[in-house]
């Protein structure tokens with residue numbers, strides 16, 4: 150169970166509680182779904198140590214978690230990553246033995262997914278596509294683990310109510326799983342999706358390039374349940390950078406850009422809610438993976 154930390158907020162704002170998924174084993178929230186998907190495939194007899202190649206399309210964090218896990222189990226890993234992804238995340242995956250296939254930046258994440266799927270389908274007997282954007286184990290893992298941890302931890306603070314949950318949308322697994330489960334307990338909770346302003350697909354805009362890795366993939370993933378959230382907040386890249394700085398300087402948390410976007414949106418929601426209310430968001434990973442991102 151990762152910690153839940155109360156962040157500093159100005160007078161008159163709602164409380165903001167951040168779940169520190171950056172403190173999980175691989176340093177990011179994707180370890181949960183990678184562990185679940187690999188465990189399920191092993192249970193079904195799909196994977197063979199030393200023979201199976203695990204394939205995924207990723208902007209970085211899933212690739213890092215997956216390559217670490219597969220290295221410990223002697224599965225080969227091939228990751229399809231847009232060439233625009235920061236070198237730190239590619240290097241981390243390579244440390245664990247992953248083969249990196251860079252895809253054209255102008256194809257965005259959708260192009261990487263298409264290429265990964267085609268690669269896996271060419272050798273179905275030896276290649277296993279984890280398919281994070283379509284795999285139902287993704288939201289289900291967050292429903293069973295992340296959401297229930299948040300609910301339990303908020304209860305332990307003495308005031309269990311959750312007035313808002315704010316989360317950036319990449320695969321859509323976290324907001325679908327957590328949002329759905331929280332609403333079962335607190336039906337009035339407002340679930341807010343966060344996306345980059347320059348790729349505001351959920352808001353009806355066009356896909357575009359941006360520098361907030363991990364969210365805003367440029368298409369609507371199969372596993373994203375639009376009924377799991379109530380509205381969308383689009384965050385600019387400058388706002389996300391400011392969020393990263395505020396998390397570091399005000400709360401001692403050096404987080405990544407998607408966490409900066411989550412924090413920025415959470416602050417907007419906290420101002421709207423006002424004092425006496427409580428919002429929850431997630432710190433997805435650490436900022437040291439984005440030092441080269443301008």
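Numbering (our numbering), first residue to last: 150 to 443.
Idealized CB from N, CA, C, for every residue including glycine.
Computed from a predicted model, the values in this text were never measured in an experiment.
query: Less than 8 Å separating the beta-carbons of residue 213 and residue 238?
result: Taking the chain shown and counting its residues from 1, the one referred to as residue 213 is at position 64. Taking the chain shown and counting its residues from 1, the one referred to as residue 238 is at position 89. For residue 213 and residue 238, yes; Cβs fall inside 8 Å.
- prompt: Can you check whether the CB of residue 264 is closer than 8 Å to the CB of residue 314?
  reply: Numbered from 1 along the chain shown, position 165 holds the residue referred to as residue 314. Numbered from 1 along the chain shown, position 115 holds the residue referred to as residue 264. Going by C-beta atoms, residue 314 is not nearer than 8 Å to residue 264.
- prompt: Which same chain residues, not among the five before or five after residue 185, have their C-beta less than 6 Å away from its C-beta?
  reply: Walking along the chain shown from the start, residue 185 turns up at place 36. Cβ contact annotation for residue 185 (same chain, cutoff 6 Å, sequence separation greater than five): 286 and 290, in chain order.
- request: May I have the straight-line CA-CA distance separating residue 349 from residue 356, to the nearest angstrom?
  value: Locating residue 349 in the chain shown gives position 200, where the first residue counts as 1. Locating residue 356 in the chain shown gives position 207, where the first residue counts as 1. Distance between the alpha carbons of residue 349 and residue 356: 7 Å.
message: Check whether the segment 189-205 and the segment 272-284 are in contact - that is, three or more C-beta pairs closer than 8 Å.
response: yes
task: Kindly indicate the opening and closing residues of the alpha helix (DSSP H) around residue 270.
output: Taking the first residue of the chain shown as 1, we reach residue 270 at position 121. 257-271 is the extent of the alpha helix (DSSP H) around residue 270.
query: Quick one: what does DSSP say residue 338 is sitting in, helix, strand or coil?
result: Stepping through the chain shown from its first residue, residue 338 is reached at position 189. Residue state, collapsed to three classes: coil.
message: Less than 6 Å between C-beta atoms, sequence neighbours within five positions excluded: which residues of the same chain meet that for residue 317?
response: The sequence position of residue 317 within the chain shown is 168, counting from 1. Cβ neighbours of residue 317 beyond the five flanking positions: 343, 364, 407, 410 and 411.
query: Among 368, 358, 277 and 324, which has the Cα closest to the Cα of residue 189?
result: As a working note, residue 189 is residue 40 in the chain shown. Checked all of 368, 358, 277 and 324; the closest Cα to residue 189 is 277.
query: Just curious, the beta strand (DSSP E) that residue 204 is in, first and last residue?
result: Here residue 204 refers to the residue found at position 55 of the chain shown. That run of the beta strand (DSSP E) goes 202-206.
Test item: CB-CB of residue 414 and residue 369 under 8 Å: The sequence position of residue 414 within the chain shown is 265, counting from 1. The sequence position of residue 369 within the chain shown is 220, counting from 1. Cβ atoms of residue 414 and residue 369: not closer than 8 Å.
Own chain residues within Cβ distance below 7 Å of residue 243, not counting five before or after: Numbered from 1 along the chain shown, position 94 holds the residue referred to as residue 243. Closer than 7 Å at the Cβ level, and outside the excluded window around residue 243, lie 249.
- request: Identify every residue that forms a DSSP beta bridge with residue 302.
  value: Translated into the one-based positions of the chain shown, residue 302 becomes position 153. Paired residue(s): none; residue 302 is not in a bridge.
- prompt: What alpha helix (DSSP H) runs, 4 residues minimum, are completely inside the segment 379-411?
  reply: 386-400
message: Please give me, in chain order, every unbroken run of the beta strand (DSSP E) with length at least 3 that falls completely inside the segment 345-384.
response: 380-384
task: Kindly list the residues whose CB is nearer than 8 Å to the CB of residue 423, restricted to its own chain and excluding five residues on each side of it in sequence; keep chain order.
output: Within the chain shown, the letter at position 274 stands for residue 423. Hits under 8 Å: 161, 162 and 163.
- prompt: How close, in whole Å, do the beta carbons of residue 216 and residue 246 come, if the pair is a contact with beta carbons under 8 Å?
  reply: In the chain shown, counting from the first residue as 1, residue 216 sits at position 67. In the chain shown, counting from the first residue as 1, residue 246 sits at position 97. The Cβ separation is near 6 Å, so the contact holds.
- prompt: Do you know offhand how far residue 234's Cα is from residue 320's?
  reply: Position 85 of the chain shown, counted from the start, is the residue given in the question as residue 234. Position 171 of the chain shown, counted from the start, is the residue given in the question as residue 320. Those two C-alpha atoms are separated by around 16 Å.
- prompt: Nearest-angstrom Cα distance between residue 178 and residue 432?
  reply: Within the chain shown, numbered from 1, the residue matching residue 178 stands at position 29. Within the chain shown, numbered from 1, the residue matching residue 432 stands at position 283. When the Cα atoms are used, residue 178 and residue 432 turn out to be separated by approximately 8 Å.
- prompt: Can you name, in chain order, every residue of its own chain whose Cβ lies under 7 Å from the Cβ of residue 392, other than the five neighbours on each side?
  reply: Locating residue 392 in the chain shown gives position 243, where the first residue counts as 1. So the qualifying residues of the chain are 409, 410, 412 and 413.
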